[in-house]
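This report concerns only the one structure given below.
Protein chains in written order, with the working numbering: chain U, 19 to 439; chain F, 51 to 302.
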């Protein structure tokens with residue numbers, strides 16, 4: 019029995035207790051908190067992202083308009099899925115945009131053939147992306163490391179080329195696939211909306227609430243995507259905490275040992291690849307649901323690179339990181355790119371003319387069309403100084419604060435414990 | 051008839067005959083040591099047993115089945131576990147996870163899509179892993195990330211991983227290489243306890259004669275890819291052929 023107490027003192031208590039408490043929907047401890055935080059953030063996003071009153075000079079930094087918010091959560095889903103592959107197994111795919119594109123095409127085809135209800139389209143998007151990623155994954159996963167990345171890149175570029183030219187009857191080539199009035203839409207009911215909808219409520223339906231100088235847009239499309247993202251995030255947590263997730267981390271850590279432990283790494287990596295492909299297909303389907311158009315450029319390699327960037331920027335292998343990374347990049351793309359010389363002049367107007375012009379010239383390359391430059395610098399800084407991404411940054415800040423605030427009480431507690439024993 | 055039967059195995063790397071007509075028979079629940087000077091083909095032989103290499107000719111039978119042509123994970127599932135010369139562990143995972151993985155492999159086979167169960171709700175596996183860690187005296191270190199363990203602890207962890215699969219045959223490739231005397235003695239003690247239970251066959255490659263003579267029931271001496279002699283430890287000690295092979299390299 020003395021043995022037992024000794025072990026609990028060594029830190030096994032947490033596990034023992036959490037095992038008996040059951041938890042919430044299969045989540046425990048910090049995961050529940052994380053889930054609640056994500057839920058609150060996504061549901062309150064229209065308010066949180068519009069902190070500046072309309073008409074104020076800072077209003078251009080508001081990100082709470084439906085279009086951008088939809089993109090936040092859709093790319094969030096994409097990054098969550100990518101992270102299941104890259105974050106857990108370490109296999110860096112450079113071809114995930116292909117699954118995104120395939121998802122978009124599938125959904126638009128469902129609009130063309132059935133009706134504008136988004137559900138069949140999303141289901142097909144996930145199924146087609148799964149089959150497509152099974153094929154690409156089966157071949158690409160014969161190699162690992164850089165060769166795997168190159169293979170996925172090659173496949174994605176092939177898909178892009180096919181979509182752009184060869185498969186024009188299916189993809190409508192350069193123009194992009196869209197719904198025409200001449201399309202059959204066999205299941206279309208009379209009087210149903212003429213745009214993507216969920217059982218009659220259109221994705222564009224927006225309720226604008228004005229409070230004082232502020233104006234908040236509550237858009238149905240956004241909330242639909244947000245709910246899907248919360249579900250996707252929940253599934254990701256479950257995968258991370260499952261034996262399957264542990265095996266995926268084992269793949270990243272030591273495949274040799276895995277082989278000699280009687281485990282076959284190949285089906286594990288393939289399963290992770292297909293799951294992340296399905297996430298990408300879902301994101302693609304949602305994209306087409308928000309705007310019923312699918313273009314080949316969605317499959318280009320720059321799009322694949324963007325997914326990698328999002329995940330690394332936020333923190334690969336962490337749960338929340340990829341979502342943060344996706345949000346940050348989309349924010350930059352849409353907000354920073356809008357800052358032009360006129361805005362800059364306005365900002366620096368209080369300075370003497372000469373300095374004002376000089377400052378505008380210096381800042382100019384980093385904003386507006388040059389937002390990529392800022393993003394690149396930021397990416398460089400993060401990879402150099404915060405290899406764990408934004409999440410690691412957050413953790414470091416948190417530990418600094420904790421040390422300051424808790425150093426006193428912690429020592430007291432320890433002393434009390436010692437006395438009690 | 052032993053649990054492991056190696057017959058007429060040849061392996062050639064280009065112009066080098068690494069293994070020449072090796073015959074080996076390991077009886078169930080004994081400890082068989084393979085010794086020999088550097089380059090004798092000990093590791094090549096071991097690699098042929100676990101599926102890392104495929105011999106050019108010959109047969110390797112384990113428990114009545116041929117292991118040739120099978121993949122390493124399939125051979126492991128047959129009941130052969132291997133401890134490597136440099137510990138092969140999941141360095142990024144915690145000690146506890148390291149031991150849980152082989153428990154899962156033993157229970158679920160080489161692949162299972164258990165994506166919606168919680169790892170810590172698998173009470174059977176958790177208990178099994180905890181018991182194993184207690185057995186090797188590593189329970190206090192269960193939440194430590196494996197890469198930060200000492201060399202000796204990494205070796206102990208690797209053995210715990212192999213043992214938690216309850217293998218029929220445990221292959222040990224220089225388990226005490228590069229260890230301090232104290233760690234070596236700990237390892238010998240650990241292996242002796244395992245051996246005392248009498249439910250696992252061990253096949254050990256080792257340079258340290260102290261280790262070999264404290265554990266082995268039979269010893270095969272390998273030189274230039276061919277077995278010179280096979281006998282009980284007492285007869286190996288003063289064997290003239292063995293002395294010749296080692297050229298006084300080690301005190302035999």
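Think of the CB as a built atom: it goes at the ideal place given N, C-alpha and C, for glycine as much as any other residue. All of these numbers come straight from a predicted model, not from anything done at the bench.
Contact list for residue i against chain F, beta-carbon separation under 9 Å
i: residue 257 of chain U; result: 165, 166
Local conformation of residue i per DSSP, three classes
i: residue 279 of chain F; result: strand
i: residue 39 of chain U; result: Only weak support exists for where residue 39 of chain U lies, its pLDDT of 47 falling under 50; the value from the coordinates is given anyway. Residue 39 of chain U falls in the helix class under three-state DSSP.
i: residue 228 of chain U; result: strand
i: residue 74 of chain F; result: strand
i: residue 291 of chain F; result: helix
i: residue 457 of chain U; result: With chain U represented from 19 up to 439, any question about residue 457 of chain U goes unanswered, as that position is not in the structure.
i: residue 56 of chain F; result: strand
i: residue 235 of chain U; result: strand
i: residue 219 of chain F; result: strand
i: residue 67 of chain F; result: strand
i: residue 61 of chain F; result: strand
i: residue 268 of chain F; result: strand
i: residue 294 of chain U; result: helix
i: residue 115 of chain F; result: strand
i: residue 357 of chain U; result: coil
i: residue 252 of chain F; result: strand
i: residue 171 of chain F; result: helix
i: residue 338 of chain U; result: coil
i: residue 109 of chain F; result: strand
i: residue 325 of chain U; result: helix
i: residue 82 of chain F; result: strand
C-beta neighbour in chain F for residue i, strict 8 Å
i: residue 39 of chain U; result: Interpretation of residue 39 of chain U is limited by its pLDDT of 47, a score under 50 that renders its predicted location unreliable; the figure taken from the coordinates is listed afterwards. Output row for residue 39 of chain U: interface = no.
i: residue 148 of chain U; result: no
i: residue 285 of chain U; result: yes
i: residue 289 of chain U; result: yes
i: residue 358 of chain U; result: no
Neighbour flag for residue i against chain U, beta carbons, 8 Å
i: residue 244 of chain F; result: no
i: residue 139 of chain F; result: yes
i: residue 143 of chain F; result: yes
i: residue 178 of chain F; result: no
i: residue 155 of chain F; result: yes
i: residue 100 of chain F; result: yes
i: residue 185 of chain F; result: no
i: residue 198 of chain F; result: no
i: residue 172 of chain F; result: yes
i: residue 274 of chain F; result: no
Neighbouring residues, chain U, relative to residue i (Cβ below 7 Å)
i: residue 122 of chain F; result: 277, 278
i: residue 169 of chain F; result: 259, 260, 261, 264
i: residue 132 of chain F; result: 278
Interface residues of chain F facing residue i [CB-CB closer than 8 Å]
i: residue 254 of chain U; result: Under the 8 Å cutoff, chain F gives no residues; its nearest Cβ is about 10 Å from residue 254 of chain U.
i: residue 272 of chain U; result: 138, 139, 140, 141
Residue environment, residue i, which counts as buried when at least 16 other CB atoms sit within 10 Å
i: residue 69 of chain F; result: buried
i: residue 69 of chain U; result: exposed
i: residue 260 of chain F; result: exposed
i: residue 203 of chain F; result: buried
i: residue 389 of chain U; result: buried
i: residue 383 of chain U; result: exposed
i: residue 78 of chain U; result: exposed
i: residue 192 of chain U; result: exposed
i: residue 114 of chain U; result: buried
i: residue 58 of chain F; result: exposed
i: residue 273 of chain U; result: buried
i: residue 187 of chain F; result: exposed
i: residue 123 of chain F; result: buried
i: residue 387 of chain U; result: exposed
Chain U residues whose Cβ lies nearer than 9 Å to that of residue i
i: residue 151 of chain F; result: 261, 264, 265, 268, 275, 276, 279, 281
i: residue 211 of chain F; result: 275, 279
i: residue 160 of chain F; result: 280, 281, 282, 285
i: residue 126 of chain F; result: 277, 278, 279, 280, 281
i: residue 147 of chain F; result: 264, 267, 268
Chain A within 8 Å of residue i, Cβ atoms only
i: residue 44 of chain U; result: No chain A appears in the structure shown, which is made up of the protein chains U and F.
Counterpart residues of residue i in DSSP-defined beta bridges
i: residue 215 of chain U; result: U:135, U:220
i: residue 196 of chain U; result: U:311
i: residue 133 of chain F; result: F:222
i: residue 195 of chain F; result: F:144
Where residue i meets chain U, residues with beta-carbon distance less than 8 Å
i: residue 215 of chain F; result: 279, 280
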